[in-house]
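Here's the structure we're looking at; comments come further down.
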Amino acid sequence: MSSSSSSSSSSSSPLSSLQQPSSSITPSNVVDIPGPSNTNNDDEFEAPSSSRQRAMNEVWLEPVVEALATQVAIDASHYHGRLSAASALAIIFQVCSTWREVSRSDLLWQRLTRRIWRRTYRLRDTWQLEYIYWHRTARNFTTGRHALVVPQYDPGDHHQALICRCLTLSDTHLACGFVDGTVRLFNLNTGAHITTFWSNHGHLFGPFSQSISGIVITNSSLVFARLDGDIYMSLINGPRPIPGPIPARRAIIGDVVNNGVLVEFAGCNRFWIGLFAGHAGGAFQIWDAQTEQRIFVGGSLTDPESVQGWHMLTELVEPVGRVRVTEREFVVACTTSRLVCFNLRNPEILLRDMGSTTGFMVSSLDISHEVFVVVERNGVGTVRRVGNFERVSRFRLRGSWLRGLLVCMNLGYVITYSSGSGLLRVWDIHEPTARLCITIAVRDDGGEQGHVHGNSMVANQTHVAISSNDSSIHLLDFSVQ
Amino acid sequence: MSKTVKDAIETIPTDEINSISLSLVRSEILTKVIEYCKKHNSAQMSDVDLMDWDVEFANVHYTTLFDLVLSANYMNINCLLDLVCGKIADMIKGKTPGEIAKLFDIKDVSTYEEDN
Numbered sequence: 054m055s056s057s058s059s060s061s062s063s064s065s066s067p068l069s070s071l072q073q074p075s076s077s078i079t080p081s082n083v084v085d086i087p088g089p090s091n092t093n094n095d096d097e098f099e100a101p102s103s104s105r106q107r108a109m110n111e112v113w114l115e116p117v118v119e120a121l122a123t124q125v126a127i128d129a130s131h132y133h134g135r136l137s138a139a140s141a142l143a144i145i146f147q148v149c150s151t152w153r154e155v156s157r158s159d160l161l162w163q164r165l166t167r168r169i170w171r172r173t174y175r176l177r178d179t180w181q182l183e184y185i186y187w188h189r190t191a192r193n194f195t196t197g198r199h200a201l202v203v204p205q206y207d208p209g210d211h212h213q214a215l216i217c218r219c220l221t222l223s224d225t226h227l228a229c230g231f232v233d234g235t236v237r238l239f240n241l242n243t244g245a246h247i248t249t250f251w252s253n254h255g256h257l258f259g260p261f262s263q264s265i266s267g268i269v270i271t272n273s274s275l276v277f278a279r280l281d282g283d284i285y286m287s288l289i290n291g292p293r294p295i296p297g298p299i300p301a302r303r304a305i306i307g308d309v310v311n312n313g314v315l316v317e318f319a320g321c322n323r324f325w326i327g328l329f330a331g332h333a334g335g336a337f338q339i340w341d342a343q344t345e346q347r348i349f350v351g352g353s354l355t356d357p358e359s360v361q362g363w364h365m366l367t368e369l370v371e372p373v374g375r376v377r378v379t380e381r382e383f384v385v386a387c388t389t390s391r392l393v394c395f396n397l398r399n400p401e402i403l404l405r406d407m408g409s410t411t412g413f414m415v416s417s418l419d420i421s422h423e424v425f426v427v428v429e430r431n432g433v434g435t436v437r438r439v440g441n442f443e444r445v446s447r448f449r450l451r452g453s454w455l456r457g458l459l460v461c462m463n464l465g466y467v468i469t470y471s472s473g474s475g476l477l478r479v480w481d482i483h484e485p486t487a488r489l490c491i492t493i494a495v496r497d498d499g500g501e502q503g504h505v506h507g508n509s510m511v512a513n514q515t516h517v518a519i520s521s522n523d524s525s526i527h528l529l530d531f532s533v534q
Numbered sequence: 084m085s086k087t088v089k090d091a092i093e094t095i096p097t098d099e100i101n102s103i104s105l106s107l108v109r110s111e112i113l114t115k116v117i118e119y120c121k122k123h124n125s126a127q128m129s130d131v132d133l134m135d136w137d138v139e140f141a142n143v144h145y146t147t148l149f150d151l152v153l154s155a156n157y158m159n160i161n162c163l164l165d166l167v168c169g170k171i172a173d174m175i176k177g178k179t180p181g182e183i184a185k186l187f188d189i190k191d192v193s194t195y196e197e198d199n
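Residue numbers (the numbering used here), protein chains in the order written: chain A, 54 to 534; chain B, 84 to 199.
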């Protein structure tokens with residue numbers, strides 16, 4: 054594993070003060086100045102009597118200070134970005150010894166980790182350490198501090214000629230889908246190959262008809278789909294009576310002739326959704342993930358792209374559409390001309406149906422935590438809330454940055470990759486105008502063989518993965534080492 | 084909405100319950116707490132209107148605010164505690180630790196106990 058980082062603007066964080074209470078603030082340092090204090094509400098803060106002094110001191114019970122610290126952190130996160138919550142907390146903990154004691158409350162850190170970093174389970178020894186981990190990892194996305202992880206293929210695996218077309222990340226795994234209908238699973242932290250799943254059913258409707266078009270990792274299972282419409286499932290940690298690649302169970306038999314090409318596949322715990330092209334009126338198919346029964350067919354999103362959809366079976370072309378699913382079961386899907394949104398439990402009703410005067414870049418649609426990003430052909434990137442399409446942030450890419458553009462996002466950041474230049478950029482989307490944090494050159498094997506021509510990119514809160522048409526896969530690890 | 088009241092109702096036998104003691108809550112503050120609970124249990128207001136109402140409810144003198152904090156904590160009404168703590172958080176926004184201590188006239192607990 055090699056380490057590299059790029060130069061960028063950096064911000065210091067007083068987060069270290071959260072690990073041990075500051076020793077520089079002692080009771081004698083707190084100056085007691087009688088009379089009105091420096092506040093906007095001077096008329097409300099006359100000097101208290103001794104009885105009021107006692108009452109005010111009685112207010113600061115531990116649950117009250119915890120609630121106050123929580124609100125302060127959430128406010129700071131909301132108005133100034135998640136990284137600012139730590140410095141706001143540090144101020145609270147330095148007010149007095151009573152307030153400082155609250156920094157030892159693991160319940161406080163659990164609440165803050167859930168609210169600010171959207172993490173509901175603990176991997177570190179304490180919730181405070183968990184909070185610090187996610188804070189520092191998020192900060193690494195703004196400073197560019199990362200390590201390169203090289204996926205280690207099985208020695209007997211003849212993968213060199215294979216092109217990876219599809220990537221998915223979980224907290225622990227990287228799953229890569231290839232044009233031959235195989236999915237390889239790697240350990241996200243070490244890059245070690247874990248297993249290969251293969252699918253070997255169905256007729257060939259072209260050299261790329263078995264190409265993987267989507268992978269979903271949920272809890273202990275891995276589900277993947279092919280362009281020909283087959284959907285396969287396997288347990289990630291299931292029994293392995295025979296070493297070697299694992300034949301995945303075919304859950305859904307594809308029907309290319311009648312359904313068209315399964316351009317993209319996505320899902321959540323409860324549903325799977327396929328975006329099809331090739332037959333008018335059948336853009337979306339939805340299955341119940343538990344019963345594997347199809348529950349919906351319909352939609353006209355890809356009607357104009359029918360012919361192009363069929364080409365995906367025989368040529369290595371960009372997908373004609375993209376579909377993404379949120380945790381709250383909202384679907385956002387787009388082609389070059391349209392973007393739609395609906396709920397998986399009520400797919401007949403489009404909640405939004407919008408076009409673009411210049412056209413959407415299909416490879417730029419991505420979702421994270423009920424927020425989605427899409428870039429139009431004029432270079433304008435927009436981040437919106439899925440529920441009400443309220444605009445959260447906006448950024449503009451230069452014309453040269455749009456060549457071979459890949460876009461993905463995680464909590465708080467949009468990541469863009471320009472294959473034309475081999476440069477990866479991280480955008481902080483907290484403000485209405487997104488802020489470019491860093492630019493990283495993604496080099497192939499040390500930087501001497503030229504930049505990486507990406508065809509797929511995915512990100513989560515710790516990693517960014519890029520696959521390319523030259524069979525390489527690059528995994529950037531921004532997590533705290 | 085109050086876990087304290089709920090626990091009292093659930094633990095005291097039904098035929099013995101005539102009143103629930105809330106000795107730490109002054110009557111005028113209890114009136115405001117009841118007003119808050121009634122409003123939040125009512126289905127008549129939209130979420131947006133309720134948020135506006137909350138802003139007005141919490142726009143009170145700081146002494147009342149602190150009484151509401153103590154009462155919400157004692158009665159275990161988390162949403163009210165979050166609301167009034169949010170108001171206090173607004174008051175201290177942008178202030179240094181020293182300015183916050185001065186604003187609330189906080190003497191460090193150990194110093195206060197030594198003096199008294």
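Idealized CB from N, CA, C, for every residue including glycine.
Item to check | Residue ranges of each beta strand (DSSP E) within the segment 342-373 of chain A, 3 or longer | outcome: Within the segment 342-373 of chain A, the complete beta strand (DSSP E) segments at least 3 residues long are 347-351, listed from N- to C-terminus.
Checklist entry - Between the segment 312-322 of chain A and the segment 261-277 of chain A, are three or more C-beta pairs nearer than 8 Å? => result Under the 8 Å Cβ criterion, the segment 312-322 of chain A counts as touching the segment 261-277 of chain A, having at least three qualifying pairs.
Item to check | Cβ of Leu136/A within 8 Å of any chain B Cβ | outcome: Chain B contact via Cβ: absent.
Checklist entry - Ser140/A CB to nearest chain B CB: under 8 Å? => result no
Checklist entry - Hey, is Ile183/B's beta-carbon within less than 8 Å of any beta-carbon in chain A? => result It does: the Cβ of Ile183/B has a partner Cβ on chain A nearer than 8 Å.
Item to check | Closest Cα partner of Leu182/A within the set Asn522/A, Arg198/A, Leu160/A | outcome: Leu160/A
Item to check | Closer than 8 Å to chain B by CB, Pro124/A | outcome: Looking at the sequence provided, one finds Gln at residue 124/A rather than Pro. With 8 Å as the cut-off, Gln124/A counts as an interface residue toward chain B.
Checklist entry - Can you list, in chain order, the residues of the segment 138-163 of chain A whose Cβ is nearer than 7 Å to any Cβ on chain B? => result Ile144, Gln147, Val148, Cys149, Ser150, Thr151
Checklist entry - How should Asp178/A be labelled, buried or exposed, when 16 other C-beta atoms within 10 angstroms of its C-beta is the threshold for buried? => result exposed
Checklist entry - So with Cβ pairs under 8 Å, would you call Leu121/A a contact of chain B? => result yes
Checklist entry - Can you tell me whether DSSP reads Gly463/A as helix, strand or coil? => result Note on identity: in this sequence residue 463/A is Asn, with Gly being the wrong assignment. Of the three classes helix, strand and coil, the one that applies to Asn463/A here is strand, per DSSP.
Next on the checklist: Applying the 10 Å Cβ sphere with the 16-neighbour rule, what's the burial state of Asp224/A?
Outcome noted: That one is exposed.
Item to check | 6 Å CB neighbourhood of Gly473/A in its chain, flanking five on each side removed | outcome: Here the set comprises Arg456, Gly457.
Item to check | N-terminal and C-terminal residue of the alpha helix (DSSP H) that Cys120/B is part of | outcome: 110-124
Next on the checklist: What residue range does the beta strand (DSSP E) around Glu548/A cover?
Outcome noted: Limits of chain A in this structure are 54 at one end and 534 at the other, which puts residue 548/A out of reach.
Next on the checklist: If you reduce the DSSP assignment to three classes, tell me which class Gln534/A lands in.
Outcome noted: coil
Checklist entry - Counting contacts by CB-CB distance shorter than 8 Å, is Val112/A in contact with chain B? => result yes
Item to check | Interface partners of Leu164/B on chain A, CB under 8 Å | outcome: Against Leu164/B, the close residues of chain A are Pro116, Val117, Ala120, in the order they occur along the chain (beta-carbon pairs closer than 8 Å).
Item to check | 7 Å CB neighbourhood of Gly331/A in its chain, flanking five on each side removed | outcome: Result list for Gly331/A: Gly313, Val314, Ser359, Gly362, Trp363, in chain order.
Checklist entry - Any C-beta of chain A sitting closer than 8 Å to the C-beta of Asp191/B? => result yes
Checklist entry - Between Phe337/A and Leu489/A, what straight-line distance do the alpha-carbon atoms span, to the nearest angstrom? => result 35 Å
Item to check | Minimum Cβ-Cβ distance from Asp198/B to chain A less than 8 Å | outcome: Note that Asp198/B scores 43 on pLDDT, short of 50, meaning its location in the model is unreliable; the coordinates nonetheless yield the value given after this. With 8 Å as the cut-off, Asp198/B does not count as an interface residue toward chain A.
Checklist entry - Residues of chain B with CB under 8 Å from Asp128/A, in chain order? => result Gly169, Ala172, Asp173, Lys176
Next on the checklist: Between Asn156/B and chain A, is the shortest Cβ-Cβ distance under 8 Å, so that the two count as touching?
Outcome noted: Under the 8 Å criterion on CB atoms, Asn156/B is classed as interfacial with respect to chain A.
Next on the checklist: Along the chain, where does the alpha helix (DSSP H) containing Asn156/B start, and where does it finish?
Outcome noted: 145-158
Next on the checklist: Threshold first: 3 residues or longer. Then list the beta strand (DSSP E) segments lying entirely within the segment 412-438 of chain A, N to C.
Outcome noted: 419-421, 424-428, 433-438
Item to check | Three-way DSSP call (helix, strand, coil) for Arg167/A in this model | outcome: helix
Item to check | Nearest to Met134/B (by Cα), restricted to the options Ile183/B, Ile117/B, Cys162/B | outcome: Cys162/B
Checklist entry - How many whole angstroms separate the CB atoms of Pro300/A and Trp251/A, which I take to be in contact at a CB cut-off of 8 Å? => result 6 Å
Checklist entry - Thr179/B versus chain A: which residues are under 8 Å apart at the beta carbon? => result Ile144
Next on the checklist: Within 8 Å of any Cβ in chain E, is that where the Cβ of Phe194/A sits?
Outcome noted: Considering every chain present, this structure includes no chain E. Its protein chains are A and B.
Item to check | Unbroken stretches of the beta strand (DSSP E), 3 residues or longer, contained in the segment 200-284 of chain A | outcome: 217-222, 226-231, 235-240, 246-251, 265-271, 274-279
Next on the checklist: How far does the alpha helix (DSSP H) with Phe329/A in it extend, from its first residue to its last?
Outcome noted: Element bounds for Phe329/A: not the alpha helix (DSSP H) but the beta strand (DSSP E), 324-330.
Checklist entry - For Val495/A, which of helix, strand or coil comes out of DSSP? => result coil
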